[in-house]
Amino acid sequence: MAIFVERNLFLHFCLFLLFVTSIEASDPFNSSCFPPDFIFGTGSSAYQYEGASNGDGKGPSIWDSFTHKHSDRIIDGSNGDVAIEFYHRYKGDIKLMKSQGFNSFKFSISWSRILPYGKLSKGVNIEGIAFYNNLINELLANGIQPLVSIFHWDLPQALEQEYQGFLSPQIVDDFGDYAELCFKEFGDRIKDWITINEPYSYALFGYVTGSYAPGRCSAFTNNNMCGVGNAATEPYIVGHHMLLAHAKAVTLYRDKYKASLKGKIGISLISDWFVPNSTNKEDIYSVERALDFMFGWFMHPVTYGDYPVSMRERVKNRLPKFTSEEAEMVKNSYDFLGLNYYTSLYAANIIYPDTVNITYIEDYQVYQTG
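The sequence shown runs -25 to -1, 1 to 345 under mature numbering (1 follows the signal peptide of the UniProt record, and there is no 0).
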């Protein structure tokens, strides 16, 4: 479930949820129950939908490499080489969206489709630009407003090989160049931009469990399953650089494009909800800690310019610090917030006995059950 909320409309949104939950089961419930300007949309991400993984000048992404090299980490061993062939079938899919009454479509741009080598200095793929222009125009022609995610985890493999992607501060400027190219090419028609989708998921599953690309984890994880990584430091470094890359893109948009293009820019985060497993005060406190380490990890910096106190106290010097200039750039770096919510969990305080083989999971000391 994805929710997009403008900052000054959050209270109205909460009141609307109260209204919806108060409707009796016997009352009719359809689109007429919603405000006239309510957005009914659907969404996708480039790697999961597009296919054409090496067609028309596209460069490989880390997900191309990961699924080919580690098919054992994919439940059914599949990959995105073909996917649902959205790259070739998007017009038919848009007709289906229109027939279902959708008035918005969120999609992500494949970084390596428009910049095959990840860097603006190494060339733009004109065919990739043309695809997204055609997609946007087709959506608008069918009365569907496009909403664009600039990054949904499919980092160009070239940048992973050159400097290990989001582990390096070099990614911030390259992400800024990529984002600005998107603003220049598509910004006249895109009014809502998401810089990064779920940075938490990218950092956790890519650098703690190793189950997502680029597939890094500590040597003690599943008998050195990943072969490379450090889950005590890397997720925090990656998250830090993702926040700086996000803020860089927001600053560029606000300084150079917002006034003329009149769009909005934000970020999409993910959060579960947590309920204490007991009335024990340690379990009650663990709920706030779980929220801090999942939602607050990114929400707190983009609101206040720093990480939650609980993270700073527990992670200590393994948690990167913002300079005063960086903190000012990250603070208030969103016009709206996307929230992806999937489930709620019970939270219980837990003390891990192993103080040597630590990861992000041991840092927040919360045992979660469904």
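Idealized CB from N, CA, C, for every residue including glycine.
Could you tell me whether the segment 19 to 29 touches the segment 52 to 62, using the rule of 3 or more Cβ pairs below 8 Å?
Verdict: yes, contact present.
Any alpha helix (DSSP H) of 4 or more consecutive residues that is wholly inside the segment 251 to 282:
As far as the segment 251 to 282 is concerned, its whole alpha helix (DSSP H) runs of at least 4 residues are 256 to 266 and 272 to 279.
Taking a contact to mean a Cβ-Cβ separation below 8 Å, would you say Gly313 touches Tyr232 in this structure?
Judged by beta-carbon spacing, Tyr232 lies beyond the 8 Å limit of Gly313, meaning their Cβ atoms are not closer than that value.
Using the rule of at least 16 other Cβ atoms within 10 Å of the residue's Cβ for burial, across every protein chain shown, is Pro251 buried or exposed?
Under this definition Pro251 is a buried residue.
In or out: Ile69 buried (at least 16 other Cβ within 10 Å) or exposed?
The residue in question, Ile69, is buried, as its Cβ has 16 or more Cβ neighbours within 10 Å.
Mind checking who Val241 pairs with in its DSSP beta bridge?
Looking at the sequence shown, residue 241 is not Val but Gly. Per DSSP, the beta-bridge partners of Gly241 are Ile169.
Just list the beta strand (DSSP E) runs in the segment 57 to 91, keeping only unbroken ones of 3 residues or longer that don't cross its boundaries, in chain order.
Listed in chain order, the beta strand (DSSP E) elements of length 3 or more contained wholly in the segment 57 to 91 are 79 to 83.
What's the gap between the Cα of Lys38 and the Cα of Gln343?
Before going on, a small fix: residue 38 reads as Trp here, not Lys. Rounded to the nearest angstrom, the two C-alpha atoms are 28 Å apart.
In whole angstroms, what separates the C-alpha of residue 355 from that of Phe126?
Lying outside -25 to 345, the shown extent of the chain, residue 355 is not represented and no answer is given.
Run through DSSP, which three-state label would Gln120 get?
Looking at Gln120 - three-state DSSP - the assignment turns out to be strand.
Strictly by DSSP, which residues pair up with Thr17?
Note: Thr17 sits in a beta bridge opposite Phe80.
Beta bridge counterpart(s) of Ala154 as assigned by DSSP
Bridge partners of Ala154: none, in fact.
Leu71, buried or exposed, once every other Cβ within 10 Å from all chains shown has been counted against 16:
Around the beta carbon of Leu71, fewer than 16 other beta carbons lie within 10 angstroms, which makes this residue exposed.
Is the segment 125 to 145 close to the segment 79 to 96, with three or more CB pairs under 8 Å?
Judged by Cβ distances under 8 Å, the segment 125 to 145 makes contact with the segment 79 to 96, as three or more pairs qualify.
Inter-residue Cα distance where the pair is Phe106 and Tyr62
Straight-line Cα distance between these residues: approximately 8 Å.
Are the Cβ atoms of Asp167 and Gly238 separated by less than 8 Å?
Contact flag set, yes.
Ile326 in three-state terms, based on DSSP
Ile326: coil per DSSP, three-state reduction.
Glu160 burial status per 10 Å Cβ neighbour count (16 or more: buried):
So Glu160 counts as buried.
Distance CB(Leu122)-CB(Phe80) smaller than 8 Å:
Their beta carbons are under 8 Å apart, which means Leu122 touches Phe80 by this criterion.
Please classify Ser124 as buried or exposed, where buried requires at least 16 other C-beta atoms within 10 Å of its C-beta.
With 16 or more other Cβ atoms within 10 Å, it is buried.
Here's the rule: buried if 16 or more other CB atoms are within 10 angstroms of the residue's CB, otherwise exposed. What is Asn199?
Of the residues assessed, Asn199 falls on the exposed side of the cut-off, its CB having fewer than 16 other CB atoms within 10 angstroms.
What does DSSP give as the partner residues of Pro144 in its beta bridges?
According to DSSP, residue pairing for Pro144 in a beta bridge does not occur.
Measure the C-alpha to C-alpha separation of Asn109 and Tyr309 and round it to an integer number of angstroms.
Between Asn109 and Tyr309, the C-alpha separation is close to 28 Å.
Check whether the Cβ atoms of Thr298 and Ala206 lie closer than 8 Å to each other.
It is not a contact, given that the beta carbons lie outside the stated cut-off.
What is the DSSP secondary structure of Leu179, reduced to helix, strand or coil?
Looking at Leu179 - three-state DSSP - the assignment turns out to be helix.
For Thr318, count the other beta carbons within 10 Å of its own beta carbon; 16 or more makes it buried, fewer makes it exposed. Which is it?
When all chains shown are included, Thr318 counts as exposed.
Please tell me whether Pro210 and Val183 are closer than 8 Å, where the distance is taken between their beta carbons.
The Cβ-Cβ distance between Pro210 and Val183 falls below 8 Å.
Would you mind reading off the limits of the beta strand (DSSP E) that contains Phe41?
Run containing Phe41: none in the beta strand (DSSP E); it sits in the alpha helix (DSSP H), Ile37 to Lys44.
Let's test the definition: count the other Cβ atoms within 10 Å of the Cβ of Ala21 and tell me whether it reaches 16, buried, or not, exposed.
By the 10 Å Cβ count, Ala21 comes out buried.
Rounded C-beta distance between Phe82 and Gly18? I'm assuming under 8 Å.
Their Cβ separation, rounded to whole angstroms, is 7 Å, which keeps Phe82 and Gly18 in contact under 8 Å.
Cβ neighbours of Val203 in the same chain (closer than 8 Å, five flanking residues each side left out):
Taken in chain order, the residues that qualify are Arg191.
Residue burial classification, Cys201 (beta-carbon count within 10 angstroms, cutoff 16):
By the neighbour-count rule (16 or more Cβ atoms within 10 Å), Cys201 is buried.
Please report the residue range of the alpha helix (DSSP H) in which Leu294 lies.
Counting along the chain, Leu294 falls outside any alpha helix (DSSP H), and DSSP gives it neither H nor E.
Less than 6 Å between C-beta atoms, sequence neighbours within five positions excluded: which residues of the same chain meet that for His221?
Only Thr170, Ile171 and Ile242 meet the Cβ criterion.
Pick helix, strand or coil for Tyr22, following the three-state DSSP scheme.
Residue state, collapsed to three classes: helix.
Where Ser7 and Trp248 are concerned, what is the direct C-alpha to C-alpha distance, given to the nearest angstrom?
In a straight line, the C-alpha of Ser7 is about 29 Å away from that of Trp248.
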